[in-house]
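One structure is given below, encoded as structure tokens.
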Amino acid sequence: MSLRGEFVSTEEAARILGVTVQHVRRLVDSGELTRIARGLIDRSSVERYLTERQGGRTRAWAEHTAWGAIALLSGNTPAWLGPVQASRLRSALRDITDPADILARTRDRAKVHTFTAHPAAVTRLMDSMAVTDHAALGLAIGPGEPGAAEGYLAADTLDATVRSLGLRNDPDGDVVIRSTGFDFDVVTDLASRSVTLAALDAAASLDPRVRGVGQRALAEILEGYRR
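Here the numbering used here is used: position 208 in the sequence shown is 261, and no number is missing along the way.
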């Protein structure tokens, strides 16, 4: 869905999302939507929220469960899950056929932040982030453009990183940081080897072409897992 203009009113955001005005305000307070002025919500943040919730009101898994699902779909064993939980998760994954559902289920694996930055700062940022392999999907996005980057960062380092690199909050920025509180060694390993994680990121893109590539890749991954 594409929204016109750079912003929408709180009331319009509520209508688009199918929620109450009070719920929109809670989403703003939690950082899931971006307020640019009193009563005005950034259009891009509404689009991103919609994209990541293509499964409608599908309940998201907890962070550690979401990463467990990514590990399983990547052919890894999620050692942080107990045997019973892992077994239930395997069964749940076999029942998922729609890419929108897995995208919605795993959305709480990280929180998305967008910034603009000087190209020199982006180079330093890339050394700190776990970057997924979009090339494996036939994509060249993010790091391929000056001043652009996309990847995962440990949540407890986000504020210090933003300050030290002079990152500027910008809902339409080309620097996309997904902050996660999960074991960052695991995240880094999955980012370096997992097409699943790259596909999830791509499927949440606001770029229709990139989103389509991610969705098709997720469909293939889910089908392969069910075999």
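Backbone N, C-alpha and C define an ideal beta-carbon position, used for all residues, glycine too.
The structure displayed is predicted, hence computed values, not measured ones.
- Serine 83 carries a coil assignment under DSSP once its states are collapsed to helix, strand and coil.
- For valine 165, the three-state secondary structure derived from DSSP is strand.
- Every unbroken stretch of the alpha helix (DSSP H) spanning 4 or more residues and falling wholly within the stretch 106-154 is given here in chain order: 116-126, 136-148.
- If you look at threonine 233, you'll find it in the beta strand (DSSP E) that goes 228-233.
- Where serine 217 is concerned, the enclosing alpha helix (DSSP H) starts and stops at 211-218.
- About 7 Å separates the beta carbons of leucine 126 and leucine 146, which is inside the 8 Å limit, making them a contact pair.
- Measuring C-alpha to C-alpha distances from leucine 178 to each of Ala122, Ser97, Ala132, Gly219 identifies Gly219 as the nearest.
- In the three-state DSSP reduction, glycine 191 falls in the coil class, being neither helix nor strand.
- Assignment of aspartate 236 by DSSP, reduced to helix, strand and coil, places it in the coil class.
- By the Cβ test, the stretch 264-275 is not in contact with the stretch 165-181, since fewer than three Cβ pairs between them sit closer than 8 Å.
- The shortest C-alpha to C-alpha distance from serine 140 to any of Ile155, Thr118, Arg79 is the one to Thr118.
- In the displayed model, leucine 70 falls within a helix according to three-state DSSP.
- If you draw a 10 Å sphere on the C-beta of alanine 90, you find fewer than 16 other C-beta atoms in it, and that means exposed.
- Of the residues Gln138, Thr104, Ile94, Gly92, the one whose Cα lies closest to the Cα of tryptophan 114 is Gln138.
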